[in-house]
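Enquirer: I'd like to ask you about the structure that follows.
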Amino acid sequence: MKFQADPPSRPNVVSAVHADRIGVGSVIWRESLLLPWQGEARAWAQAGFDGLRVEDFEAIAALQPELVLLGTGSRQRFPKPALLRPLIERRIGIETMNTAAACRTYNVLLSEDRAVVAALLLDA
Numbered sequence: 001m002k003f004q005a006d007p008p009s010r011p012n013v014v015s016a017v018h019a020d021r022i023g024v025g026s027v028i029w030r031e032s033l034l035l036p037w038q039g040e041a042r043a044w045a046q047a048g049f050d051g052l053r054v055e056d057f058e059a060i061a062a063l064q065p066e067l068v069l070l071g072t073g074s075r076q077r078f079p080k081p082a083l084l085r086p087l088i089e090r091r092i093g094i095e096t097m098n099t100a101a102a103c104r105t106y107n108v109l110l111s112e113d114r115a116v117v118a119a120l121l122l123d124a
């Protein structure tokens, strides 16, 4: 009988969330990041919430997820609708919440094999 835990089947599981960092597996990110259900995590929206651009959302749309979870830091904030056009035009759903809630929701959807991307902003 085996007593040790199996490693997660997906490498992009969020393992820790703090205001200034996010753990993805054993890697600690100290910058905002884009976390897809498949492929590599990468830095994203380095200018923070107030510096969000249409290009930031075009990068998400290029991944072709069915749903995007936008984590806006320690509090929930909503981006200008014009910024979301790349997602809206492709009929990609988007949910906005604080970053900790986005991470928890992402892990649940990831465990259900959903095509989800978490766009996670850290507080400056």
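So the sequence shown is numbered by the working numbering: it starts at 1 and just counts up by one.
Note that CB positions come from ideal geometry on N, CA and C, so glycine has one too.
#1: Mapping DSSP to helix, strand and coil, what is Leu110?
#2: In chain order, which beta strand (DSSP E) runs of at least 3 residues are fully inside the region 13-67?
#3: Which of the three DSSP states, helix, strand or coil, is assigned to Ile92?
#4: Let me check understanding here. Comparing Cα to Cα, which of Val54, Trp44, Gln76 and Ser26 lies closest to Leu87?
#5: I want to see whether chain B comes within less than 9 Å of Phe49, judged by CB atoms only; does it?
#6: Do Trp37 and Ala115 come within 9 Å of each other at the CB atom, strictly closer than that value?
#7: Could you tell me which of Thr99, Leu52, Gly73 and Gln76 sits nearest to Ala82, measuring between CA atoms?
#8: Under 9 Å, do Leu120 and Gly71 count as touching if we go by C-beta distance?
Expert: Walking through what the data contain:
#1: helix
#2: 14-18, 21-24, 27-29 and 33-36
#3: The answer is coil: DSSP assigns Ile92 none of H, G, I, E or B.
#4: Minimum Cα distance to Leu87 is reached at Val54.
#5: The structure shown contains no chain B, having only a single protein chain.
#6: yes
#7: Comparing alpha carbon positions, the residue from Thr99, Leu52, Gly73 and Gln76 closest to Ala82 is Leu52.
#8: Less than 9 Å separates the beta-carbon of Leu120 from that of Gly71.
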